[in-house]
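**Student:**
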Ligand SMILES: [Zn+2]
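Residue numbers (this note's numbering): 6 to 289.
This is how it looks when you write it as structure tokens:
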């Protein structure tokens, strides 16, 4: 069943677990994630990044999720991840995304507030939830390039930001990074506690992949209600490539579902690990 961030995150905050947000790129990817979430009774957020929605891709990605959502009874959020362009947000909403992230983390604070507020007004009028980012979670961009240093979220800015923008979820920067880590991160859990103390809005952690599990557990304990995962799913899928090669070696004209099966299995297994980590099993 398709729903918005508002249907799943406040409940997660109350019950001290997080909803896993998986970036997805196509049908078997979505299916691996949705199948395991349904089996484990876990709510899920399927996120898509703007580069994966260009041209007809937007039709495919929304068509897949909106088409199959009725075959699942768990809550499924179709979420736009890291949109910096209002036009992309409008197009995504038009095509049926139920939640959007406006990422103004690269903007000066007043400008981030101004645009995020505009996005909120536009999205809320259409029943769509909004996530924004305060501070900057750095790491690698989609091509693996270093995004430079991050900027931790200043707890003193949170109350004003949330009040003025009326966002439904807030991504905070407390020491994680996007992509694969070069050195072991240390999360600033004290900062998270300070942020929690000043806002009731559900908090989001980007760059969940590769973050030490004990620290992620503490962050969820400390109030994170949406955990973003992408790199770990890519690593899991790519690690299955050798198995796929073996399948094709045995029979050159092997059936497509058998060729894709190792990828599907690897994605399922990795997704299940994340559901355990976010404590989102058996919630529905
Ligand atoms: Zn992110």
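Glycine included, each C-beta is placed from N, C-alpha and C at the ideal position.
1) Give the straight-line distance between the Cα atoms of residue 150 and residue 193, rounded to the nearest whole angstrom.
2) Out of 152, 129, 172, 144, which one is the CA nearest neighbour of residue 138?
3) Got a sec: does ligand 1 put a non-hydrogen atom nearer than 7 Å to the Cβ of residue 233?
4) Could you tell me if residue 189 is buried or exposed, where buried requires 16 or more neighbouring beta carbons within 10 angstroms of its beta carbon?
5) Whole-angstrom Cβ separation of residue 71 and residue 207, contact assumed at under 8 Å?
6) On a Cα-Cα basis, can you pick out the residue from 246, 85, 182 that is closest to residue 55?
7) Any idea which residues DSSP pairs residue 137 with across the strands?
8) Output yes or no for whether 8 Å exceeds the beta carbon distance between residue 229 and residue 26.
9) In chain order, what residues of the same chain have a beta carbon less than 7 Å from the beta carbon of residue 236, not counting five sequence neighbours either side?
10) Can you pull the DSSP bridge partners for residue 156?
11) Fully enclosed by the stretch 180-267, which beta strand (DSSP E) runs are 3 residues long or longer?
12) According to the neighbour-count rule (16 or more other Cβ atoms, all chains shown, within 10 Å of its Cβ), is residue 28 buried or exposed?
13) Consult DSSP for residue 281 and reduce its assignment to one of helix, strand or coil.
**Tutor:** Let me lay it out:
1) Walking along the chain shown from the start, residue 150 turns up at place 145. Walking along the chain shown from the start, residue 193 turns up at place 188. The straight-line gap from Cα to Cα measures roughly 24 Å.
2) Here residue 138 is taken as the residue at index 133 of the chain shown, counted from 1. That would be 172, whose Cα lies nearest to the Cα of residue 138.
3) For the purposes of this step, residue 233 is identified with residue 228 of the chain shown, where counting begins at 1. Yes; taking the cut-off as 7 Å, the Cβ of residue 233 has a heavy atom of ligand 1 nearer than that.
4) On the chain shown, residue 189 is found 184 positions in, with the first residue counted as 1. Under this definition residue 189 is an exposed residue.
5) Numbered from 1 along the chain shown, position 66 holds the residue referred to as residue 71. Numbered from 1 along the chain shown, position 202 holds the residue referred to as residue 207. Contact flag wrong, Cβ pair sits at about 24 Å.
6) Residue 55 sits at position 50 when you count from the first residue of the chain shown. For residue 55, the nearest C-alpha among the options comes from 85.
7) In the chain shown, residue 137 corresponds to position 132, counting from 1. Its beta-bridge partners are 107, 175.
8) Position 224 of the chain shown, counting from 1, holds the residue named residue 229. Position 21 of the chain shown, counting from 1, holds the residue named residue 26. The answer is no: Cβ separation not under 8 Å.
9) As a first step, residue 236 is located in the chain shown; it is residue number 231 there, counting from the start. If we look at residue 236 and ignore the five residues flanking it on each side, its Cβ neighbours are 184, 185, 214, 215.
10) Along the chain shown, read from residue 1 onward, the residue named residue 156 stands at position 151. Its beta-bridge partners are 141.
11) 208-210, 229-234
12) Numbered from its first residue, the chain shown carries residue 28 at position 23. Result: buried.
13) On the chain shown, residue 281 is found 276 positions in, with the first residue counted as 1. DSSP places residue 281 in helix when its eight states are reduced to three.
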